[in-house]
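Enquirer: Using full-length UniProt numbering, you'd call the opening residue of the sequence shown number 1 and step up by one each time. Submitted below is the structure of interest, expressed as structure tokens.
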Amino acid sequence: MTHVSITPVRVPAALAGPDAADFLAVAELLNAQQQEFWGNDDFHAPARAQLAGRGSTATRRRELLAARMGADPDAAIVGVAQLNLPLTDNLHTGTVNVVVAPGARRQGVGTELFRAAANLAAVSGPEQADGRNRPSGQRTRRF
Ligand SMILES: CC(C)(COP(=O)(O)OP(=O)(O)OC[C@H]1O[C@@H](n2cnc3c(N)ncnc32)[C@H](O)[C@@H]1OP(=O)(O)O)[C@@H](O)C(=O)NCCC(=O)NCCS
1 MTHVSITPVR
11 VPAALAGPDA
21 ADFLAVAELL
31 NAQQQEFWGN
41 DDFHAPARAQ
51 LAGRGSTATR
61 RRELLAARMG
71 ADPDAAIVGV
81 AQLNLPLTDN
91 LHTGTVNVVV
101 APGARRQGVG
111 TELFRAAANL
121 AAVSGPEQAD
131 GRNRPSGQRT
141 RRF
């Protein structure tokens, strides 16, 4: 299997500046997947809107993880996992959304992203993550 590097992506304070590059790449990847899934851009979220919605709040801990092929930290981001953990209720649950760019699929990237997100969530305590990887929404993993 190709080596996959998984790193956290910080939600930047603003979109200008070099520290926003990974966040912008992730925002683009998520929009591309929406386009692919729905066949239109109805759910396209401008990076500015994603900036407003992807950070943690008092009731939700949100984490982003990026995947790259190989060990080069400057390689293109080919996948993302979004981890969403409630902080005030349903503390035993969490959700993980995994997206891998079409050209990088079936090489284990999605598996590695889910594993990393599950590990991150496990440190925080949820007993179960809800991972759906089919349009039918079938549940895939329990940890
Ligand atoms: C679902 C998705 C994240 C999988 O990413 P990936 O990097 O291709 O996943 P992996 O290579 O780790 O595949 C793991 C296993 O998942 C299954 N799988 C992945 N894609 C599949 C597909 N299109 N059809 C059937 N099984 C599939 C296979 O069992 C695969 O193992 P295998 O290649 O040894 O047969 C990716 O196809 C994707 O981004 N899809 C669009 C977005 C989406 O549906 N996200 C899930 C929302 S939570």
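In this text, a Cβ means the ideal position worked out from N, Cα and C, and glycines have one as well. The structure presented is a predicted model; accordingly, all values stated were derived computationally and were not measured.
#1: State the Cα-Cα distance for the pair R61 and W38, rounded to the nearest angstrom.
#2: Return yes when the Cβ of V98 is within less than 7 Å of the Cβ of A121, no when it is not.
#3: Buried or exposed for R48, please, with buried defined as at least 16 other CB atoms from any protein chain shown within 10 angstroms of its CB.
#4: Report the residue from P8, L65, A45 and P12 whose alpha carbon sits nearest the alpha carbon of N31.
#5: Whole angstroms is fine: what's the gap from V123's alpha carbon to H92's?
#6: What's the C-alpha gap between E63 and A13?
#7: Determine the contact status of V11 and G55, defining contact as a CB-CB distance below 7 Å.
#8: Within the UniProt domain "N-acetyltransferase" (28–121), note down every full beta strand (DSSP E) run reaching 3 residues or more, in order along the chain.
#9: For E112, which residues in the same chain have their Cβ closer than 7 Å to its Cβ, ignoring the five residues on either side in sequence?
Expert: Taking the coordinates as given:
#1: For this step, residue 61 is matched to residue 61 along the sequence shown. For this step, residue 38 is matched to residue 38 along the sequence shown. Cα-Cα distance, rounded: 27 Å.
#2: Stepping through the sequence shown from its first residue, residue 121 is reached at position 121. Stepping through the sequence shown from its first residue, residue 98 is reached at position 98. Result no, Cβ atoms of A121 and V98 do not sit closer than 7 Å.
#3: By 1-based counting over the sequence shown, the position of residue 48 is 48. Classification for R48: exposed.
#4: As a position in the sequence shown, residue 31 is number 31, starting the count at 1. Considering only alpha carbons, the answer is A45.
#5: Counting from one through the sequence shown, the residue named residue 123 turns up at place 123. Counting from one through the sequence shown, the residue named residue 92 turns up at place 92. So the two alpha carbons sit approximately 12 Å from each other.
#6: Mapped onto the sequence shown, residue 63 falls at position 63. Mapped onto the sequence shown, residue 13 falls at position 13. Their backbone Cα atoms lie some 15 Å apart in a straight line.
#7: Taking the first residue of the sequence shown as 1, we reach residue 11 at position 11. Taking the first residue of the sequence shown as 1, we reach residue 55 at position 55. It is a contact, given that the beta carbons lie within the stated cut-off.
#8: 60–69, 77–86 and 93–100
#9: For the purposes of this step, residue 112 is taken as the residue at position 112 of the sequence shown. Cβ neighbours of E112 beyond the five flanking positions: V4, I6 and A67.
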